[in-house]
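Undergrad:
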Amino acid sequence: MTDIRVTYSGLIAFGINLTSIVTGLVFTLIVTRSLSIDEFGTWGLINGIIIYAMIISPIITYWVTREVARGEKTAITAIFSSGALSIIGLIIYLLAAYFVGIQSDANVDVLLFAAVLIPLFFLEKSSVAINLGHKPQAASYGFLAFELTKIPSGLIFVYFLNFGVEGAILASAVAYIIKISVHVFFSRKILSSRIQIKYLKKWIKLFWLPVYRTLPAVFALSDVAIFSIMTGSVTGVAYYTSARTVGFLVNHVRSFNQGLYPKLLQSEKQEFIQENLIKLLYFAFPLIAFSFTFARPALFALNPIYEIAAPIVIVISIRAFLTTINKALYDTHLGMEKIDKDPKLISSRNYLKSKLMLFPTIDNIKQGVYIGVLILLLFILSFQTNSTIELVFYWVLVSLIVEIPITLYMIYLTKTTFTIKIDKISIMKYLLASIVVFGMMSMFIEEFLEYKISIYEFLPHLLSYGIVSMVGYLGITYLIDKRTKILVNAILNEVIGKINKKS
Numbered sequence: 405m406t407d408i409r410v411t412y413s414g415l416i417a418f419g420i421n422l423t424s425i426v427t428g429l430v431f432t433l434i435v436t437r438s439l440s441i442d443e444f445g446t447w448g449l450i451n452g453i454i455i456y457a458m459i460i461s462p463i464i465t466y467w468v469t470r471e472v473a474r475g476e477k478t479a480i481t482a483i484f485s486s487g488a489l490s491i492i493g494l495i496i497y498l499l500a501a502y503f504v505g506i507q508s509d510a511n512v513d514v515l516l517f518a519a520v521l522i523p524l525f526f527l528e529k530s531s532v533a534i535n536l537g538h539k540p541q542a543a544s545y546g547f548l549a550f551e552l553t554k555i556p557s558g559l560i561f562v563y564f565l566n567f568g569v570e571g572a573i574l575a576s577a578v579a580y581i582i583k584i585s586v587h588v589f590f591s592r593k594i595l596s597s598r599i600q601i602k603y604l605k606k607w608i609k610l611f612w613l614p615v616y617r618t619l620p621a622v623f624a625l626s627d628v629a630i631f632s633i634m635t636g637s638v639t640g641v642a643y644y645t646s647a648r649t650v651g652f653l654v655n656h657v658r659s660f661n662q663g664l665y666p667k668l669l670q671s672e673k674q675e676f677i678q679e680n681l682i683k684l685l686y687f688a689f690p691l692i693a694f695s696f697t698f699a700r701p702a703l704f705a706l707n708p709i710y711e712i713a714a715p716i717v718i719v720i721s722i723r724a725f726l727t728t729i730n731k732a733l734y735d736t737h738l739g740m741e742k743i744d745k746d747p748k749l750i751s752s753r754n755y756l757k758s759k760l761m762l763f764p765t766i767d768n769i770k771q772g773v774y775i776g777v778l779i780l781l782l783f784i785l786s787f788q789t790n791s792t793i794e795l796v797f798y799w800v801l802v803s804l805i806v807e808i809p810i811t812l813y814m815i816y817l818t819k820t821t822f823t824i825k826i827d828k829i830s831i832m833k834y835l836l837a838s839i840v841v842f843g844m845m846s847m848f849i850e851e852f853l854e855y856k857i858s859i860y861e862f863l864p865h866l867l868s869y870g871i872v873s874m875v876g877y878l879g880i881t882y883l884i885d886k887r888t889k890i891l892v893n894a895i896l897n898e899v900i901g902k903i904n905k906k907s
């Protein structure tokens, strides 16, 4: 069993995710600058429908991470089982895509064509789950390969061949194939074992638990399909998808927590929790501030028609910050849950009493309220306004409001469950540094940034503002915070050590 280094895995994951911000921006620019607003809305709708097919994927992936982290040989069984499950997922997707397509102005043929992604999604989820329990940093390498492959694939299929949404689908398919290959390479040693039916029986017996845990994600991502059906248009989905691209930057911080969950599965020590949460906030504050500051110019870069969605970015980024905190706390509690470690405790009754069931229940209640309120709100507002952008704003506002009480509850539960002493002084330093740096950058952008239609003229200037602001935050925190100095020096020592070993 591989010993998992929490900070090392987290830094690799986060560093690669920061790189993916650039690569993801390039791919999104290719798509948004090449597709019409309806085509981009269809692309966003596809990502919302795929979740219905993936509802059964955690039947395998949920358990394999926990089992591999504890040294059990379940990897090859998970790969073959996921391949079989993808057939069911494919059928689910085709039915959902056809139904949503005929209820909106989306191109049904394009929605159905996206079915080629389903088997790849299942294999990707399975291979990632294996490496999260084996070598968490390998999951980051696969993600980097995926992001780097998307750019040339997008240029070929979307920009040069002008395949439209189908081109974006093909580009994603190629990128997923490369990502899966990378994951298989890193997990090749533990994939050499034989298929074991006993694990498959266990997964099938307990299928209800991971499926139940998936329902919140299904509810959450159903908002795209619901909005499209109730408005009869994918235009609002296009505005939402563009705003989400900028507002979800803080989500990349989740990758820093990547090594914590399997580490807690390996041991019952709580010493990793405190430092991980502080480091998570260190990176989260500047990213949410970045989304606030660069909302308008970033949307303009994607396509000037999306510039009016800047207020939506603000709301989405706040919600993304809260969900990032919640996810980190969820993983902390789930990593400390040991009910599935002892075969004698494996029963439906015991699982129902465990935290493996508690948190999905909380999520299901939250998402159920969210979807219910959203449907009611869209029904009422459809009679009062014809403004698509206004409907989208209220849509994301509802999602933010329902997230707030869950965040407060998770903070309370964590305080009462674990002995964690958070360094409030360091956290205040990070928050104030973010406010100062990005507050000043906001004034510079307002005063000096010229909004030029040509992406080749506008993007270099925008990137320079972004780089200066992030370097400014790093420099200030390095000067005023001891923990940041230790972190930066540790990174430099790690890099130098790697270079010396190779030489």
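Residues 405 to 907 (my numbering) are what the sequence shown spells out, left to right. For every residue, glycine included, the Cβ atom is placed at its ideal position computed from N, Cα and C.
Out of curiosity, what's the CA-to-CA distance linking A518 and E476?
TA: Position 114 of the sequence shown holds residue 518. Position 72 of the sequence shown holds residue 476. About 35 Å.
Undergrad: If we count the other Cβ atoms within 10 Å of its Cβ and call it buried at 16 or more, is A479 buried or exposed?
TA: In the sequence shown, residue 479 corresponds to position 75, counting from 1. In summary, A479 is buried, with 16 or more beta-carbon neighbours lying within 10 Å of its beta-carbon over all protein chains present.
Undergrad: Helix, strand or coil for E476? Go by DSSP, reduced to three states.
TA: For the purposes of this step, residue 476 is identified with residue 72 of the sequence shown, where counting begins at 1. It is coil, neither helix nor strand.
Undergrad: Label M761 either buried or exposed according to how many other C-beta atoms from any shown protein chain fall within 10 Å of its C-beta, with 16 as the threshold for buried.
TA: Along the sequence shown, one-based indexing puts residue 761 at 357. Buried: at least 16 other Cβ atoms inside 10 Å.
Undergrad: T432: which of I460, V569, G505 sits nearest, CA to CA?
TA: Here the question's residue 432 lines up with position 28 in the sequence shown. T432 has its Cα closest to that of V569, out of I460, V569, G505.
Undergrad: With A350 and V654 assumed to form a contact (beta carbons below 8 Å), what rounded beta-carbon distance in angstroms separates them?
TA: Outside the shown range of the chain (405 to 907) lies residue 350, about which nothing can therefore be said.
Undergrad: How about S531 and S591: do their beta carbons lie closer than 8 Å?
TA: Walking along the sequence shown from the start, residue 531 turns up at place 127. Walking along the sequence shown from the start, residue 591 turns up at place 187. Cβ atoms of S531 and S591: closer than 8 Å.
Undergrad: For the region 643–654 against the region 783–799, are there 3 or more C-beta pairs whose distance is under 8 Å?
TA: Yes: at least three Cβ pairs fall under 8 Å.
Undergrad: How do the region 618–632 and the region 503–510 stand: do at least 3 beta-carbon pairs fall below 8 Å, yes or no?
TA: yes
Undergrad: Go ahead and pull the three-state DSSP assignment for A543.
TA: Translated into the one-based positions of the sequence shown, residue 543 becomes position 139. Note: A543 maps to helix in three-state DSSP.
Undergrad: Determine the extent of the alpha helix (DSSP H) in which E861 is found, giving its start and end residues.
TA: Counted from its first residue, the sequence shown places residue 861 at position 457. Here the alpha helix (DSSP H) through E861 covers 859–884.
Undergrad: Going by DSSP in three states, K856 sits in which element: helix, strand or coil?
TA: Here residue 856 refers to the residue found at position 452 when the sequence shown is read from its first residue. Note: K856 maps to coil in three-state DSSP.
Undergrad: Straight-line CA distance for I793 to G640?
TA: On the sequence shown, residue 793 is found 389 positions in, with the first residue counted as 1. On the sequence shown, residue 640 is found 236 positions in, with the first residue counted as 1. C-alpha separation (whole angstroms): 7 Å.
Undergrad: Rounded to whole angstroms, how far is the Cβ of T427 from the Cβ of L524, which I believe are closer than 8 Å?
TA: For the purposes of this step, residue 427 is taken as residue 23 along the sequence shown, with counting starting at 1. For the purposes of this step, residue 524 is taken as residue 120 along the sequence shown, with counting starting at 1. By a beta-carbon distance limit of 8 Å, T427 does not contact L524. Their separation comes to about 19 Å.
Undergrad: Taking only the alpha-carbon atoms, compute the straight-line gap between D885 and I824 and give it to the nearest angstrom.
TA: The residue given as residue 885 occupies position 481 in the sequence shown. The residue given as residue 824 occupies position 420 in the sequence shown. So the alpha carbons of these two residues sit roughly 20 Å apart.
Undergrad: When DSSP labels each residue in this structure, what does V410 get in the three-state scheme?
TA: In the sequence shown, the residue the question calls residue 410 occupies position 6. Per-residue confidence for V410 stands at a pLDDT of 48, beneath the threshold of 50, marking its modelled position as unreliable; the derived number appears in the next sentence. Helix.
Undergrad: Which residue comes first and which comes last in the alpha helix (DSSP H) that contains E711?
TA: Here residue 711 refers to the residue found at position 307 of the sequence shown. Looking at the DSSP string, E711 is not in any alpha helix (DSSP H), and its letter there is neither H nor E.
Undergrad: Pick out whichever of Y456, F547, R470 has its Cα sitting closest to the Cα of Y502.
TA: Mapped onto the sequence shown, residue 502 falls at position 98. Among Y456, F547, R470, the Cα nearest to that of Y502 belongs to Y456.
Undergrad: I'd like the span of the alpha helix (DSSP H) that includes V562, first residue to last.
TA: Within the sequence shown, residue 562 is the residue found at index 158, counting from 1. Where V562 is concerned, there is no enclosing alpha helix (DSSP H), because DSSP gives it neither an H nor an E.
Undergrad: Can you grab the Cα-Cα spacing for the pair I582 / G546, in whole Å?
TA: For this step, residue 582 is matched to residue 178 along the sequence shown. For this step, residue 546 is matched to residue 142 along the sequence shown. So the two alpha carbons sit approximately 8 Å from each other.
Undergrad: Using the C-alpha atoms, what's the distance from L449 back to L780?
TA: Walking along the sequence shown from the start, residue 780 turns up at place 376. Walking along the sequence shown from the start, residue 449 turns up at place 45. Cα to Cα, L780 sits roughly 21 Å from L449.
Undergrad: For L548 versus F561, is the C-beta distance shorter than 8 Å?
TA: One-based indexing of the sequence shown puts residue 548 at position 144. One-based indexing of the sequence shown puts residue 561 at position 157. No, they are not a contact pair.
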